[in-house]
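Its first residue numbered 0, the sequence shown is counted upward by one per residue in numbering that gives the first Met the number 0. Below is one structure, written out as structure tokens; comments come after it.
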Amino acid sequence: MRLRRSLAVAVAVAVTTPVALFTAAPALAAGAPAAQTQNQPTYAELKKAAADAQKAYEKALAAKEEGQEKVKATLEALDSDTHPLKAATITADKAAEEAAAAETAAEKAVRDAEAAVEAAQGETEKAEAEKALETAEADLAKAVEAKEKADAAAEAARTALDDARVAAVREYSVLKKALDDALAAKEAAEEALGTAEECVRETGLTSLAVGLPAEVVAGTTVDFTLRVTNGTERTLTVDPLAFVHVDGERGGEKSRLAVEWSNGSGWHALNGNEPEHIAHIDTMAPGERSDVKLRMTVAPDAASADAFALFAADASSAYRPCVLGPMKRYDFELLPAGSDPGPVDDADPGQTGKDDDQRPATAGPGTTPQGGAAGQPVTTARTTPTTRTAGTGTYGTTAATATTGGTLAQTGTSPALVPLGAASAVAVALGAGAVLAARRRMTADR
Numbered sequence: 000m001r002l003r004r005s006l007a008v009a010v011a012v013a014v015t016t017p018v019a020l021f022t023a024a025p026a027l028a029a030g031a032p033a034a035q036t037q038n039q040p041t042y043a044e045l046k047k048a049a050a051d052a053q054k055a056y057e058k059a060l061a062a063k064e065e066g067q068e069k070v071k072a073t074l075e076a077l078d079s080d081t082h083p084l085k086a087a088t089i090t091a092d093k094a095a096e097e098a099a100a101a102e103t104a105a106e107k108a109v110r111d112a113e114a115a116v117e118a119a120q121g122e123t124e125k126a127e128a129e130k131a132l133e134t135a136e137a138d139l140a141k142a143v144e145a146k147e148k149a150d151a152a153a154e155a156a157r158t159a160l161d162d163a164r165v166a167a168v169r170e171y172s173v174l175k176k177a178l179d180d181a182l183a184a185k186e187a188a189e190e191a192l193g194t195a196e197e198c199v200r201e202t203g204l205t206s207l208a209v210g211l212p213a214e215v216v217a218g219t220t221v222d223f224t225l226r227v228t229n230g231t232e233r234t235l236t237v238d239p240l241a242f243v244h245v246d247g248e249r250g251g252e253k254s255r256l257a258v259e260w261s262n263g264s265g266w267h268a269l270n271g272n273e274p275e276h277i278a279h280i281d282t283m284a285p286g287e288r289s290d291v292k293l294r295m296t297v298a299p300d301a302a303s304a305d306a307f308a309l310f311a312a313d314a315s316s317a318y319r320p321c322v323l324g325p326m327k328r329y330d331f332e333l334l335p336a337g338s339d340p341g342p343v344d345d346a347d348p349g350q351t352g353k354d355d356d357q358r359p360a361t362a363g364p365g366t367t368p369q370g371g372a373a374g375q376p377v378t379t380a381r382t383t384p385t386t387r388t389a390g391t392g393t394y395g396t397t398a399a400t401a402t403t404g405g406t407l408a409q410t411g412t413s414p415a416l417v418p419l420g421a422a423s424a425v426a427v428a429l430g431a432g433a434v435l436a437a438r439r440r441m442t443a444d445r
């Protein structure tokens, strides 16, 4: 029973499914037009394709290894004199040798009879010699026929033995080919998955601070809003990113700023030492907007200082586990208690520094979400897209209508943003005494 050949066929069939998926090229960004990505496999499909290709490869490898042992055992058995095919070959070769010897003897008998006829004296002796010659010639004809049959039988026996050897090797070559195909499919599936896992920049995913003043007096509290807008053409899962820091403050020391964000029923403090994700938004449709309320309290004894805030949005889609919106930096000034700055304008987003646009490491599935409010909803204000600005990839929106009845999203970290691989899992610690707090690099491993 050619079990390995059947298994090789099954392996080849198993490989074709992932091949059909990853050949659809998943390298498009999250905001690519739908017309360009209608046949694009989702990230979940690519993961399944890679897993299926891995299983098919492992199955093909096991089949090849088993087939290798089998062909070795088969060839060794075929070389044994006790194997039926080898025994038949030995018997047939022996019979052919005996037939050849019989033919040689018959030929000699004919030659001897012919010599006897020539040497015969008298009619009686000559007649007996001719009769003996006829008998010798008849025996030779039978010997020639027997040798031909014996040679044919020996050739057939050798052919059967050779065919068995060839069949064993051919069966193994089928398994080897199946393994090569499975390996190629596995590598292609892994490459497609790796391409999909690469972080992409999406300018349409914006995060803006609304109402953050350019000057804040010590001992006061200001309220402002982090406005996240999905200006892409994909539905996204979004994790807003926030970091507020006073220049010159060292990591771990008590900050002059206390910043909190609202989840709709309470306030949750930012840790102040590094950027963190807040107000997880599970589903954000194209053109949709979410407002996260924040408040910042300056310590009463705070001296004059420069401070800054960083905001961004990290996201994932069905096609990409790592979509990064642009980082926005807002510089503002702390004033001593009792200062009267007069009318204060909002801080404007400025140029980010070289250390600004990095992303924090995120918690994996099943861990406590950052922000300390696992499972609690976030009060957001959302608008409905009305018009799309040509050539910008963003959507126009109706006027902001912040309400407490807006869509609520759970807090925490998107599972799409866990580390992509061990090589990118190293975090960069905050530097003591640095003017800008270094931020741990984000990775996104599902």
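Even glycine gets a Cβ: it sits at the ideal position worked out from N, Cα and C. Keep in mind the model is a prediction, meaning the values are calculated, not measured.
Report task. Answer with buried or exposed for residue 452, where buried requires no fewer than 16 other C-beta atoms within 10 angstroms of its C-beta. Result -> Outside the displayed span of the chain (0 to 445) sits residue 452, for which this structure offers no information.
Report task. Look at residue 213 and residue 332 and say whether their C-beta atoms are less than 8 Å apart. Result -> yes
Query raised in the report: For residue 100, does the count of other Cβ atoms within 10 angstroms reach 16, so buried, or fall short, so exposed?
Result: exposed
Requested in this report: Give every residue of the same chain whose Cβ lies closer than 7 Å to the Cβ of residue 218, excluding the five residues on either side of it in the sequence, and list them in chain order.
Outcome: 297, 299 and 336
Query - chain B within 8 Å of residue 171, Cβ atoms only - result: No chain B is part of this structure, which consists of one protein chain only.
Query raised in the report: For residue 327, which three-state DSSP category applies?
Result: Here residue 327 sits in strand by DSSP.
Requested in this report: Consult DSSP for residue 45 and reduce its assignment to one of helix, strand or coil.
Outcome: helix
Query raised in the report: Are the region 121–132 and the region 46–66 in contact at 8 Å, needing three or more beta carbon pairs?
Result: Contact between the region 121–132 and the region 46–66 is absent, because fewer than three Cβ pairs lie under 8 Å.
Report task. Excluding the 5 residues preceding and the 5 following residue 305 in the sequence, name in chain order all residues of the same chain whose CB lies nearer than 7 Å to its CB. Result -> Sequence-distant Cβ neighbours of residue 305 in its own chain, meaning closer than 7 Å and more than five residues away, are 246, 330 and 332.
Query raised in the report: Counting pairs of Cβ atoms below 8 Å between the region 80–93 and the region 181–188, do you hit three or more?
Result: no
Query raised in the report: If you pair each beta-carbon of the region 310–326 with each one of the region 195–210, do three or more pairs fall below 8 Å?
Result: Flag = yes, the region 310–326 and the region 195–210 touch.
Requested in this report: Starting from the C-beta of residue 175, find all residues in its chain whose C-beta is less than 7 Å away, skip the five residues before and the five after it, and write them out in chain order.
Outcome: 63
**Report entry** Whole-number beta carbon distance between residue 85 and residue 160, since they are thought to touch under 8 Å
**Finding:** Rounded to whole angstroms, the Cβ separation of residue 160 and residue 85 is 6 Å, and the two are in contact under 8 Å.
Requested in this report: Closer than 6 Å by C-beta to residue 226: which residues in its own chain qualify, once you throw out the five before and the five after it? Chain order, please.
Outcome: Excluding its 5 nearest sequence neighbours in each direction, residue 226 has C-beta neighbours in its own chain below 6 Å: 207, 209 and 290, listed in chain order.
Query raised in the report: Terminal residues of the continuous beta strand (DSSP E) containing residue 216?
Result: 214–216
Query raised in the report: residue 162 to residue 74, Cα distance in whole Å?
Result: 11 Å
Requested in this report: Assign residue 99 to one of three DSSP states: helix, strand, or coil.
Outcome: helix
Report task. Compare the beta carbon distance of residue 349 and residue 319 with 8 Å and say whether it is the shorter of the two. Result -> no
Query raised in the report: Which class does residue 206 belong to by DSSP, given the choice of helix, strand or coil?
Result: strand
Query raised in the report: Any contact of the region 224–239 with the region 267–280, i.e. 3+ C-beta pairs under 8 Å?
Result: yes
Query - Neighbourhood of residue 268 by C-beta, 8 Å cutoff - its chain only, sequence neighbours within 5 removed - result: Cβ neighbours of residue 268 beyond the five flanking positions: 257, 258, 259 and 371.
Query raised in the report: So residue 149 and residue 98 are in contact, right, with Cβ under 8 Å, and what is the actual spacing, rounded?
Result: 4 Å
Query raised in the report: Going by DSSP, which residues form a beta bridge with residue 332?
Result: 214 and 305
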